[in-house]
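Residue numbers (the working numbering): 915 to 1232. Just so it is clear, CB atoms sit at the ideal spot from N, CA and C, and this is done for glycine as well. Treat the numbers as computed from the prediction; the structure is a model and nothing was measured. Here's the structure, in C-alpha cells; my notes come after.
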C-alpha cells in the first residue's frame, strides 16, 4: 500500500485516473501500480518513489526520465510528473517502457543473429591514440561470433573485414540473411571530462511520437519506422544485454536508452545498438584494447541474449 499522501488535493480532471499534460496522456501512478501488483512508497518525500512487488522493484524520481528497474537504469520516454498531489506516468511509458519488462510475451524461435561491427573502411569511428573504434568492434564481433556459434546460434556478419558499409544497408543484410536478432557493436568516446565519463549503454529504437534519449546521429522525424514493429522486444533485448554487461563487467550503468539511429530505424527484427565502453576513458580505454577483456565482454553479451531467449522463447525454458 502507499506510504504517504500521494493522492491528496486531486484536481477534477484526474478523477478518472487519466489526464493530459502538455497534450500527452498520463495515468495516475497509484492506479497503474495496483494493476501491476506493485506497492508504492516514498523513498524521499516528493522526490523519489519506489514500486515494489514479488519479483520487481522500480525506483522513479519526479521530473526525471531515468528509472531503475530491478537495479538497471532504463530511460523512459517522458519524465514522471506530479500534479495537484497525484503522481503520473505517461501512458506511452506504461505501454512501451514498463509493459515489455513486467509482462513480456512470447515470440518465435531465435536461430540466426546478425552482428554488425560498427564503422569500417573510410569511417574509423572514435579514436584513442592509435586505436580506432572500427578495429575493435570487428575484434569484438569475432569473439562474439565464436561464442554464439558454440551456443548453437547461426551467426551472420554485416562485415568481416575493414570495409565501409552504408548504415541503411546493414539491417538490410540482416533481413536478407534471415536474422532473428540484429546487434550493432560500438565503443563510445567523450569530448570533455574524458577521465570521468565511462560505462556501458544499450540503445533501442524510439517509439513513434516520443523524443529520443540522445539526438546525435539520428534523423529528425518522430514518426513510425520499420524498427518500431518490434518495440517491445527491442526494449526487452536491450534490457537483458545491459543487465548482463553491468553485472558481469562491473561497468558503470549508463542505461537502456532510445534513439532513431539508422541501423535501428530500418531493422525488421528486434535490434539493439551497444556502446560497450568509452575508448576515451583512461582505464576503460585500456580494457577495450585488451583481448581478455573483450572475451569477458563477448560472454556478457551472449549471456544477455540467452537471458532474453529464455523469456521470449518457451522452448528455451525447458
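When DSSP labels each residue in this structure, what does residue i get in the three-state scheme?
i: residue 1118; result: strand
i: residue 859; result: No answer is possible for residue 859: it lies beyond the span of the chain, which begins at 915 and ends at 1232.
i: residue 1002; result: strand
i: residue 1203; result: coil
i: residue 1067; result: coil
i: residue 996; result: strand
i: residue 947; result: helix
i: residue 1175; result: strand
i: residue 1216; result: helix
Would you list the residues sitting across from residue i in a DSSP beta bridge?
i: residue 1100; result: 1189
i: residue 941; result: 932, 1003
i: residue 1146; result: Answer is none; residue 1146 lacks a bridge partner.
i: residue 974; result: 963, 981
i: residue 987; result: 982
i: residue 1041; result: 1046
i: residue 1027; result: 1069, 1095
i: residue 1167; result: 1114
i: residue 1013; result: DSSP, once it has assigned bridges, lists no residue as partnering residue 1013.
Less than 6 Å between C-beta atoms, sequence neighbours within five positions excluded: which residues of the same chain meet that for residue i?
i: residue 876; result: Absent from the structure is residue 876, since the part of the chain shown begins at 915 and ends at 1232.
i: residue 1028; result: 1070, 1088, 1093, 1096
i: residue 1170; result: 988, 1116, 1152, 1153, 1156
i: residue 1009; result: none
i: residue 977; result: 993
Going by the CB atoms, is the gap between residue j and residue i shorter than 7 Å?
i: residue 1128; j: residue 1173; result: yes
i: residue 1188; j: residue 1116; result: yes
i: residue 1003; j: residue 941; result: yes
i: residue 1122; j: residue 991; result: no
i: residue 1141; j: residue 1178; result: yes
i: residue 943; j: residue 1001; result: yes
i: residue 963; j: residue 947; result: no
i: residue 1061; j: residue 1216; result: yes
i: residue 959; j: residue 973; result: no
Give every residue of the same chain whose Cβ lies closer than 7 Å to the Cβ of residue i, excluding the five residues on either side of it in the sequence, and list them in chain order.
i: residue 1053; result: 1208
i: residue 1063; result: 1069
i: residue 1055; result: 1029, 1031, 1071, 1099
i: residue 1018; result: 1150, 1225, 1226
i: residue 1016; result: 950, 970
Do you know offhand how far residue i's Cα is from residue j's?
i: residue 1133; j: residue 1041; result: At residue 1133, the pLDDT of 46 sits below 50, so the modelled position is not reliable; the number obtained from the coordinates is stated separately. Distance between the alpha carbons of residue 1133 and residue 1041: 24 Å.
i: residue 1105; j: residue 1191; result: 14 Å
i: residue 1154; j: residue 1220; result: 9 Å
i: residue 936; j: residue 1089; result: 39 Å
i: residue 888; j: residue 994; result: Only positions 915 to 1232 of the chain appear in the structure, and residue 888 is not among them; the question remains open.
i: residue 1084; j: residue 1072; result: 6 Å
i: residue 923; j: residue 999; result: In this prediction, residue 923 scores a pLDDT of 30, lower than 50, which makes its location untrustworthy; no coordinate-derived value is stated.
i: residue 1026; j: residue 985; result: 30 Å
Please list, in chain order, all residues of the same chain as residue i whose beta carbon is under 8 Å from its beta carbon, the five residues on each side excluded.
i: residue 1197; result: 1112
i: residue 1114; result: 1156, 1159, 1160, 1163, 1165, 1166, 1167, 1168, 1188, 1189, 1190, 1191
i: residue 1193; result: 1040, 1041, 1042, 1045, 1047, 1050, 1101, 1102, 1103, 1199, 1202
Using 6 Å as the cut-off, classify the Cβ of residue i as near or not near the heavy atoms of the ligand NAD, replying yes or no.
i: residue 1072; result: Of ligands this structure carries none, so the ligand NAD is not represented either.
Give a yes or no on whether the minimum CB-CB distance between residue i and chain B is below 7 Å.
i: residue 1146; result: As a matter of chain content, chain B is missing from the structure shown, which is built from one protein chain.
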